[in-house]
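Below: one structure, written as structure tokens.
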Amino acid sequence: MSINVLMPALSPTMEQGKLAKWLKKEGDKIKSGDVIAEIETDKATMEVEAVDEGVLAKIIIPDGTEQVAVNTPIAIIAEDGEDVSAIASAGTAAPAAAPTPAAATAPASAPAAIPVASAPAPAPVVATGGARVFSSPLARRLAKEGGLDLTAIKGTGPHGRIIERDVKAAIAAGPQAKAAPAPAAAPAAAPAPVSAAAAGLAVGMSDETIKKFFPAGSYEEVPHDSMRKTIARRLVEAKQTIPHFYLTVDCELDALLALREQVNATAPKDKDGKPAFKVSVNDFIIKGLALALIQVPDANVTWTEGAMLRHKHADVGVAVSIPGGLITPIIRSADTKSLSAISNEMKDYAARAKGRKLKPEEYQGGTSAVSNLGMFGIKNFQAVINPPHATILAIGAGEQRVIVKNGAPAVATLMTVTLSTDHRAVDGVLGAQLIGAFKSLIENPMAMLV
Amino acid sequence: MAAAYDVLIIGGGPGGYVTAIRSAQLGFKTAVVEREHLGGICLNWGCIPTKALLRSAEIYHYLQHPKDYGLIVEGKIGVDPAAVVKRSRGVSAQLNGGVGFLLKKNKVDVIWGEATITKVGEVSVTATKKSIMQPQNPVPKGILGEGTYQAKHIVVATGARPRILPGIEPDGKNIWTYFEAMVPESFPKSLIVMGSGAIGIEFASFYHTMGAEVTVVEVLPQIMPVEDPEIAGLARKQFEKQGIKIRTGTKVTKVEKTASGLTATLEDSKGATSTLSAEKLISAVGVTGNIENIGLEKLGVKTERGIVVVDGFGRTNVAGIYAIGDVAGPPMLAHKAEHEGVICVEAIKGLHPHPMDKSMIPGCTYCQPQVASVGLTEEKAKAAGYEIKVGRFPFVGNGKAIALGEPDGLIKTIFDAKTGKLIGAHMIGAEVTELIQGFVIAMNLETTEEELIHTVFPHPTLSEMMHESVLDAYGRVIHM
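From first to last, the protein sequence lines stand for chains A and B. In this text, residue positions in the first sequence follow our numbering: the first is 158, and each later residue adds one. In this text, residue positions in the second sequence follow our numbering: the first is 399, and each later residue adds one.
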């Protein structure tokens with residue numbers, strides 16, 4: 158019996174991905190556990206392991222195919238003793254429904270039809286590419302009541318059918334799985350004016366309109382990778398759904414810089430003289446933000462339509478720039494971790510982020526984030542909130558400035574930070590309390606060590 | 399050293415043989431070890447032969463009431479107990495042979511004898527020591543015998559046996575279990591049935607129809623304790639109307655043999671005692687898993703209160719050893735065992751089946767009137783914190799029921815008021831054991847009231863009452 162290898166879902170919310178690369182050829186022998194292909198998801202490249210044994214009889218979806226829906230057959234494995242060539246030839250005809258590379262430039266998706274309350278029966282739910290999304294009646298009702306878009310939910314029922322448990326899991330997973338605004342349903346490469354208009358949002362210019370501004374041949378078109386598309390989708394979503402406001406303060410860094418030197422001087426060294434840790438200013442900032450969130454618990458929240466999620470720990474995301482984009486790994490429960498632990502975790506994250514090897518659970522979620530452009534001499538900027546966070550702290554450069562102290566000019570090292578805040582979740586005074594707590598911790602950094 | 403199997407199943411009951419066939423379909427080299435009879439208790443001493451007995455009772459009942467249907471039956475109407483039992487044994491024999499055929503067809507080896515797991519991956523089979531219940535069908539041809547067998551995966555499907563109350567041990571003469579009650583030499587004139595679960599109630603119903611004076615003694619305050627209280631209450635009313643005596647909240651504390659049979663001492667919930675004499679007593683106080691003498695203790699397989707502890711895929715705490723069916727815990731029903739077996743071997747194959755969902759296992763009792771149910775009772779739904787909508791529709795409002803002369807019965811549906819999810823269905827009345835599956839499918843497909851309301855039910859059928867019950871839950875009932 159031949160076995161279909163299906164496009165795996167690498168995270169609970171993954172609906173499609175790019176089949177980046179096959180690591181096995183047709184005819185190769187495969188053992189359970191062999192890495193057979195690489196798949197590029199939203200922000201990471203993941204390896205697909207074989208579950209079954211046999212011979213890779215047929216590759217259905219070739220290298221480089223984008224927007225391969227979860228559970229699409231991507232290859233056929235023949236079990237021992239099966240006629241590989243028969244499967245291979247049969248296989249070519251069978252998966253007519255499977256996307257081919259040409260399908261990557263498919264037309265914009267129709268908006269997900271969310272049945273209106275008075276409709277006698279649920280309207281059919283339309284998915285990307287116009288295919289029917291199979292779901293149970295109960296799943297459709299729960300999704301409607303929870304305000305979820307079924308197209309954003311991965312089904313775990315028979316043949317990938319969306320069932321009650323999938324919708325419940327999506328609701329439990331929090332707002333990132335919530336009904337994305339209409340543009341999110343469309344591939345970023347092909348904006349869908351219809352769907353955006355349907356959601357009552359401003360519509361950007363179409364690709365054709367934009368291209369007309371530039372003479373043909375005066376530019377080259379670089380196709381978006383899935384990270385670029387995700388960044389575009391998520392940030393448009395953030396700016397269109399989150400009412401941002403911004404609070405800026407200056408923090409004196411001198412005490413922190415002095416403490417950092419002392420802390421690093423105490424790091425135990427191994428036999429090669431390499432210290433066990435080297436804490437950076439950014440590590441202090443992560444820890445400071447985490448503690449500030451715990452000190453001002455009303456600001457350590459996430460907005461949902463139904464309720465405010467008040468978090469028990471501060472999970473702090475840290476924006477890491479990587480070639481072609483950025484990613485925000487999360488330091489979980491940063492409030493409970495030592496500076497050295499945070500420092501070492503960040504080094505590991507940064508290294509793996511550059512190889513796009515982070516796992517979805519390492520960069521999804523979180524309650525707030527830090528974005529630091531200080532090393533580029535940026536004095537001050539405003540960051541875009543990354544849902545489900547309620548805040549993000551933008552860090553400027555630490556620099557010596559002349560300030561007025563006790564009525565006289567004095568020189569101090571200052572760092573300007575700006576907190577972007579989701580006004581639905583955190584009001585002005587609360588935001589001021591949070592950034593005030595942060596400033597106090599940075600200026601009295603011993604408090605972070607105890 | 400004999401052949402090495404991928405999957406070896408200990409026990410050829412409904413769980414075991416279905417597991418074996420599915421295993422063979424998946425391409426595994428498969429064997430079943432059976433010590434007594436293919437098809438197990440279900441086929442030889444349980445579900446199937448009792449249905450044959452109850453069919454005789456049902457027809458006898460109709461023959462006694464010909465005028466209800468405008469018919470005249472003249473002459474003597476009687477019962478030939480030996481022929482009734484013979485028919486029942488014949489039905490079992492036919493199906494027993496059928497199981498042997500199916501196993502052979504699927505190239506499953508049958509090993510005859512008693513199995514002990516000597517270590518992970520190895521089973522030793524010795525000749526059957528258990529005294530065999532008679533009558534038995536002949537041992538199938540082409541079987542393997544005593545020896546040591548290797549198997550990568552060993553599935554324990556040894557089933558269950560009647561639970562015995564100390565002091566009221568069955569003697570096979572006056573105190574019966576279902577074994578003796580299935581093959582009586584003559585039908586008793588009076589009978590005490592201890593326990594009112596499916597087994598007890600079915601025998602009470604059968605022997606009552608066959609002319610015995612029957613008293614059912616149940617220790618709990620409700621007969622058919624797993625059923626919805628409203629349904630159980632209606633069943634009790636029907637039984638009492640027919641003439642079956644029912645003593646709930648009462649236990650049998652002592653049984654003494656007398657010249658004409660036995661005298662049982664009963665004690666009610668207030669502590670008052672009384673005595674009751676009868677020719678026979680059937681002990682039907684539940685079943686207990688067969689976990690002994692198969693090597694589980696030595697291997698450290700975790701058991702708890704007489705059953706093997708497993709996960710949703712039948713896996714025990716010891717890798718390579720699995721358990722399914724009655725021996726893996728309640729509900730102890732053949733169809734649950736079959737499904738668990740299928741899930742178990744599919745998981746071994748790596749097919750990622752979904753774990754057993756025990757909230758959607760239907761239960762059927764073939765007394766007169768029949769009782770069938772799936773999901774939560776009204777009480778349990780409330781206790782689980784559901785805000786519920788309950789629909790009811792009585793048989794008296796259904797054209798087909800009236801035409802059949804079966805106006806007594808009720809179909810009850812329970813929905814989660816918040817989501818419209820069907821969380822329970824409970825039925826009493828003619829043919830409800832054939833109706834319940836409609837709701838079981840609905841639950842498995844996660845239908846809400848909306849789809850059930852939009853479904854067209856054929857007229858005239860009893861199934862229309864299922865529709866009406868759903869309509870009633872949402873204040874839209876038509877024929878009431």
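C-beta: ideal position from N, C-alpha, C; glycine also. Please read these numbers as outputs of a predicted model, since none were measured by experiment.
- Roughly how many angstroms separate the alpha carbons of Thr663 of chain B and Thr673 of chain B, rounded to a whole number? 4 Å
- According to the Cβ coordinates, are Ala525 of chain B and Gly540 of chain B closer than 8 Å? no
- Smallest Cα separation from Asp806 of chain B: which of B:Asn796, B:Ala721 and B:Asp814? Out of B:Asn796, B:Ala721 and B:Asp814, B:Asn796 has the C-alpha closest to the C-alpha of Asp806 of chain B.
- In three-state DSSP terms, what is Cys765 of chain B? coil
- With C-beta atoms as the reference, is Lys734 of chain B less than 8 Å away from Ile759 of chain B? yes
- Query: When you check each C-beta in the segment 827-847 of chain B against every C-beta of chain A, which residues fall closer than 7 Å?
  - Reply: Leu843, Glu844, Thr845 and Thr846
- Query: Can you list the alpha helix (DSSP H) stretches of 4 or more residues lying completely in the segment 730-809 of chain B, in chain order?
  - Reply: 732-747, 776-781 and 797-802
- Item | Ala554 of chain A versus Arg390 of chain A: straight-line alpha-carbon distance, rounded | When rounded, the distance between both Cα atoms is 29 Å.
- Item | Bridge partners - Tyr403 of chain A, DSSP secondary structure assignment | A:Ser577
- Item | Beta-carbon proximity list for His565 of chain B, same chain, < 7 Å, skipping 5 on both sides | Looking at the sequence itself, residue 565 of chain B is Gly, so the reference to His does not match. Taken in chain order, the residues that qualify are Lys652.
- Message: I'd like to know whether the C-beta atoms of Ala582 of chain A and Met465 of chain A end up nearer to each other than 8 Å.
- Response: A contact, by the Cβ cut-off of 8 Å.
- Query: So which residues of chain A does Lys819 of chain B contact, with C-beta pairs closer than 7 Å?
  - Reply: Leu295
- 8 Å Cβ cut-off: residues of chain A touching Glu849 of chain B: Pro294
- Best match in A:Val208, A:Lys181 and A:Arg298 for proximity to Glu849 of chain B [C-alpha to C-alpha]: A:Arg298
- Are Glu862 of chain B and Val875 of chain B close, meaning C-beta to C-beta below 8 Å? In this structure, Glu862 of chain B lies away from Val875 of chain B, with their beta-carbon atoms at least 8 Å apart.
- Query: Cα-Cα, which of B:Gly789, B:Leu501 and B:Gly598 is closest to Phe637 of chain B?
  - Reply: Closest option to Phe637 of chain B, judged by alpha-carbon separation, among B:Gly789, B:Leu501 and B:Gly598: B:Gly598.
- Item | Contact list for Gly748 of chain B against chain A, beta-carbon separation under 7 Å | Val208 and Asp209
- Message: Can you confirm whether the segment 693-705 of chain B touches the segment 603-619 of chain B when touching is taken to mean that 3 or more C-beta pairs between the two stretches lie within less than 8 Å?
- Response: no
- Query: Mapping DSSP to helix, strand and coil, what is Ala260 of chain A?
  - Reply: With a pLDDT of 37 at Ala260 of chain A, under the threshold of 50, the predicted position of this residue should be treated as unreliable, though the coordinate-derived value follows. Note: Ala260 of chain A maps to helix in three-state DSSP.
- Query: Bridge partners of Asp666 of chain B, per DSSP?
  - Reply: Asp666 of chain B pairs with B:Thr648.
- Query: Do we get a CB-CB distance below 8 Å when we pair Arg385 of chain A with the residues of chain B?
  - Reply: No, because no Cβ of chain B sits closer than 8 Å to the Cβ of Arg385 of chain A.
- Query: Name the DSSP bridge partner or partners of Ile479 of chain A?
  - Reply: A:Gly482
- Message: With distance defined between alpha-carbon atoms, name the residue in B:Val483, B:Val554, B:Gly495 and B:Ser490 nearest to Thr514 of chain B.
- Response: When each option's Cα is compared against that of Thr514 of chain B, the closest is B:Val554.
- Identify the residues that DSSP records as bridge partners of Met572 of chain A: which are they? A:Cys408 and A:Gly555
- Between B:Arg561, B:Ile470 and B:Gln532, which lies nearest to Glu434 of chain B when the distance is taken from Cα to Cα? That would be B:Gln532, whose Cα lies nearest to the Cα of Glu434 of chain B.
- Please check if any C-beta of chain B sits within less than 8 Å of the C-beta of Arg298 of chain A. yes
- Query: If we ignore side chains and look at the alpha-carbon of each, how far apart do Ala327 of chain A and Leu843 of chain B end up?
  - Reply: 19 Å
- Could you give the DSSP three-state label for Val508 of chain B: helix, strand or coil? strand
- Query: When the Cα atoms are used, what is the spatial distance from Pro425 of chain A to Val438 of chain A?
  - Reply: 19 Å
- Message: Can you look up Thr448 of chain B in the DSSP assignment and give me helix, strand or coil?
- Response: helix
- Item | Cβ of Glu223 of chain A within 8 Å of any chain B Cβ | no
- Message: Please return the same chain residues whose Cβ sits closer than 6 Å to the Cβ of Pro454 of chain A, not counting the five positions on each side in sequence.
- Response: none
- Using a C-beta cutoff of 8 Å, does Glu378 of chain A count as contacting chain B? no
- Query: Which runs of the alpha helix (DSSP H) spanning at least 4 residues fall entirely within the segment 669-705 of chain B, listed in chain order?
  - Reply: 694-697
- Start and end of the beta strand (DSSP E) containing Arg467 of chain A? Met465 to Arg467
- Query: Tell me which same chain residues have a C-beta within less than 6 Å of the C-beta of Val477 of chain A, skipping the five on either side of it?
  - Reply: Ile484, Ala507 and Ala510
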